[in-house]
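What follows is a single structure, written as structure tokens, with notes after it.
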Amino acid sequence: MNDVLIEKKPEIEASVRAEGRPTLAGLPRAALADFLRGLGVPEKEIRMRVSQLWHWLYVRGARDFSEMTNVARALHAKLEAAATLARPEIVREQVSADGTRKWVLRYPPRGKFDKGAEVECVYIPERDRGTLCVSSQVGCTLNCSFCHTGTQKLVRNLEAHEIVGQVLVARDRLGDYPGRTPPEGAFVPDDGGRFVTNIVFMGMGEPLYNYENVRDAIGVLTDPEGLQLSKRKITVSTSGVIPEIARLGADSGTMLAISLHATHDPLRDVLVPINRKYPIAELMQACADYPGLTNARRITFEYVMLKGVNDSLAEARTLVKLLRGIPAKINLIPFNPWPGSQYECSDWGQIERFSEVIFDAGYASPIRTPRGRDILAACGQLKSETEKMRARARLMLEEQLILGAD
Ligand code: SAH
Ligand code: SF4
Numbered sequence: 001m002n003d004v005l006i007e008k009k010p011e012i013e014a015s016v017r018a019e020g021r022p023t024l025a026g027l028p029r030a031a032l033a034d035f036l037r038g039l040g041v042p043e044k045e046i047r048m049r050v051s052q053l054w055h056w057l058y059v060r061g062a063r064d065f066s067e068m069t070n071v072a073r074a075l076h077a078k079l080e081a082a083a084t085l086a087r088p089e090i091v092r093e094q095v096s097a098d099g100t101r102k103w104v105l106r107y108p109p110r111g112k113f114d115k116g117a118e119v120e121c122v123y124i125p126e127r128d129r130g131t132l133c134v135s136s137q138v139g140c141t142l143n144c145s146f147c148h149t150g151t152q153k154l155v156r157n158l159e160a161h162e163i164v165g166q167v168l169v170a171r172d173r174l175g176d177y178p179g180r181t182p183p184e185g186a187f188v189p190d191d192g193g194r195f196v197t198n199i200v201f202m203g204m205g206e207p208l209y210n211y212e213n214v215r216d217a218i219g220v221l222t223d224p225e226g227l228q229l230s231k232r233k234i235t236v237s238t239s240g241v242i243p244e245i246a247r248l249g250a251d252s253g254t255m256l257a258i259s260l261h262a263t264h265d266p267l268r269d270v271l272v273p274i275n276r277k278y279p280i281a282e283l284m285q286a287c288a289d290y291p292g293l294t295n296a297r298r299i300t301f302e303y304v305m306l307k308g309v310n311d312s313l314a315e316a317r318t319l320v321k322l323l324r325g326i327p328a329k330i331n332l333i334p335f336n337p338w339p340g341s342q343y344e345c346s347d348w349g350q351i352e353r354f355s356e357v358i359f360d361a362g363y364a365s366p367i368r369t370p371r372g373r374d375i376l377a378a379c380g381q382l383k384s385e386t387e388k389m390r391a392r393a394r395l396m397l398e399e400q401l402i403l404g405a406d
């Protein structure tokens, strides 16, 4: 398909370039406080200074220290010399024919042996919401057999500020700050209102394998004096890292999505190999124990539709039985193929019949409309460009050209 409407690499403003200094953009309060201490700010001023920076960073979307008019001049100079407000670099920006936007973002190297890393981040506009799908890791160690991200070799955790940085980039590019003129060339939806209302941790990586950073990023996103997202509008999707599900419930209380994809262990062992460690029955118990569940706060169970693999009506009936007693909704995801994938998407008629069985049992079972397929932005298609290029080169050498709540 080549109906990508716009594709370009935006100019990076000098003010947001990394230039070897650490960025303050995306940092949690505690990290900002430590940074100010390091600059020699007296202890009794720290709280106030953190609040000032916080407001500029997360309410006003400042991208230059010079905008921070209420910060004392001496501190200004120190901040300029020691830090930046850089966001991750936008390597590529694509807008799909359906309005979905995908950014390939690059983070600067974190040390001598780090070459830097790339992730993808996807914005999905809908009539009543704008959902940003963020990545929590570069690549993923879990190798689910139907997922493109799992084939990526290079894996590292993103730090909290690198996760928040994705939200800041999206808001910059969408012009999503009250009273701020969007940067030139930004894609600004014309229907009014805030543009990023929901966040889903459904991009690259397993968020619960990077627990502390994800928890801290959620803390920044939901801070009532900053970005102010509701924890009910943040969904963390996991392949089922049971011990961390309980921690997430206790620490953050966000919405939870479970990548279930199979109704019996032998099949789930193949599709989602972490199942060998944390099998279905234990996973269901962890879900039932997740705090705060009600009919209005249900767990989403994601189920990718794979032709002839997990899409029989008998499996639909087993699925319904499995979920008994858990406030749940089921999200059927048509499989998104990627170059070299070994599965096919179920036929549309079969997806509808499967959905009907679930619906008749009293569960909502929306079929997730694939978004942004033309820009490889759909579920499970995310994989950073450089890695793809590298993989392609490697495979060519071997002469075997093979090449995604409320
Ligand atoms: N690692 C986390 C979150 C990222 S994946 C997790 O697995 O939950 C987001 C969702 O997309 C998951 O449900 C994942 O199983 C699904 N997915 C992965 N590859 C897919 C593909 N090729 N087609 C459709 N859905 C896919
Ligand atoms: Fe990792 Fe999720 Fe993909 Fe599995 S589906 S490989 S856990 S990103």
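Per the numbering used here, the sequence shown runs over residues 1 to 406.
Even glycine gets a Cβ: it sits at the ideal position worked out from N, Cα and C.
Predicted model only: the values in this text are computed from it and were never measured.
Using the three-state DSSP reduction, which class does residue i fall into: helix, strand or coil?
{"i": "residue 39", "result": "coil"}
{"i": "residue 384", "result": "For residue 384, the pLDDT reaches just 49, beneath the cut-off of 50, and the residue's location in the model is therefore unreliable, leaving the point undetermined."}
{"i": "residue 301", "result": "strand"}
{"i": "residue 338", "result": "coil"}
{"i": "residue 396", "result": "Since pLDDT at residue 396 reaches only 31, below the 50 mark, its modelled position is unreliable, and no value is offered."}
{"i": "residue 16", "result": "Residue placement at residue 16 is poorly supported in this model, since its pLDDT is 39, which falls under 50; the coordinates are not used for a value here."}
{"i": "residue 31", "result": "helix"}
{"i": "residue 152", "result": "coil"}
{"i": "residue 290", "result": "coil"}
{"i": "residue 285", "result": "helix"}
{"i": "residue 270", "result": "helix"}
{"i": "residue 306", "result": "strand"}
{"i": "residue 222", "result": "helix"}
{"i": "residue 173", "result": "helix"}
{"i": "residue 206", "result": "coil"}
{"i": "residue 278", "result": "coil"}
{"i": "residue 230", "result": "coil"}
{"i": "residue 359", "result": "helix"}
{"i": "residue 295", "result": "coil"}
{"i": "residue 404", "result": "In this prediction, residue 404 has a pLDDT of 28, which is less than 50 and means its spatial position is unreliable; what the coordinates show is noted afterwards. Reduced to three states, the DSSP call for residue 404 is coil."}
{"i": "residue 241", "result": "coil"}
{"i": "residue 248", "result": "helix"}
{"i": "residue 51", "result": "helix"}
{"i": "residue 143", "result": "coil"}
Can you check whether the CB of residue j is closer than 8 Å to the CB of residue i?
{"i": "residue 104", "j": "residue 91", "result": "yes"}
{"i": "residue 221", "j": "residue 245", "result": "no"}
{"i": "residue 39", "j": "residue 50", "result": "no"}
{"i": "residue 201", "j": "residue 237", "result": "yes"}
{"i": "residue 204", "j": "residue 259", "result": "no"}
{"i": "residue 330", "j": "residue 363", "result": "yes"}
{"i": "residue 274", "j": "residue 302", "result": "no"}
{"i": "residue 261", "j": "residue 248", "result": "no"}
{"i": "residue 127", "j": "residue 118", "result": "no"}
{"i": "residue 242", "j": "residue 206", "result": "no"}
{"i": "residue 313", "j": "residue 335", "result": "no"}
{"i": "residue 95", "j": "residue 101", "result": "yes"}
{"i": "residue 320", "j": "residue 280", "result": "no"}
{"i": "residue 153", "j": "residue 130", "result": "no"}
{"i": "residue 227", "j": "residue 155", "result": "no"}
{"i": "residue 322", "j": "residue 284", "result": "yes"}
{"i": "residue 231", "j": "residue 252", "result": "yes"}
{"i": "residue 73", "j": "residue 54", "result": "no"}
{"i": "residue 213", "j": "residue 159", "result": "yes"}
{"i": "residue 108", "j": "residue 99", "result": "no"}
Just list the residues that DSSP pairs residue i with in beta bridges.
{"i": "residue 131", "result": "124 and 198"}
{"i": "residue 255", "result": "235"}
{"i": "residue 166", "result": "None; residue 166 has no bridge partner."}
{"i": "residue 157", "result": "137"}
{"i": "residue 367", "result": "332"}
{"i": "residue 263", "result": "Paired residues: none, contrary to the question."}
{"i": "residue 23", "result": "84"}
Q.
Any contact between the region 42-49 and the region 163-180? By contact I mean 3 or more CB pairs, one from each, below 8 Å.
A. no
| message | Does the contact criterion of 3 or more C-beta pairs under 8 Å hold for the region 293-302 versus the region 341-357? | response | no
Q.
I want to know whether the region 55-69 touches the region 169-177 - three or more CB-CB distances under 8 Å.
A. Taking 8 Å as the limit for Cβ pairs, the verdict is that the region 169-177 does touch the region 55-69.
### Task
Tell me the start and end of each unbroken alpha helix (DSSP H) in the region 310-356 that is at least 4 residues and wholly inside, in chain order.
313-322
Unbroken stretches of the beta strand (DSSP E), 3 residues or longer, contained in the region 54-126 | Given a length threshold of 3 residues, each whole run of the beta strand (DSSP E) inside the region 54-126 is given here in chain order: 89-95, 101-107 and 117-125.
Count the CB pairs spanning the region 77-89 and the region 20-31 that are closer than 8 Å, and state whether there are at least three. yes
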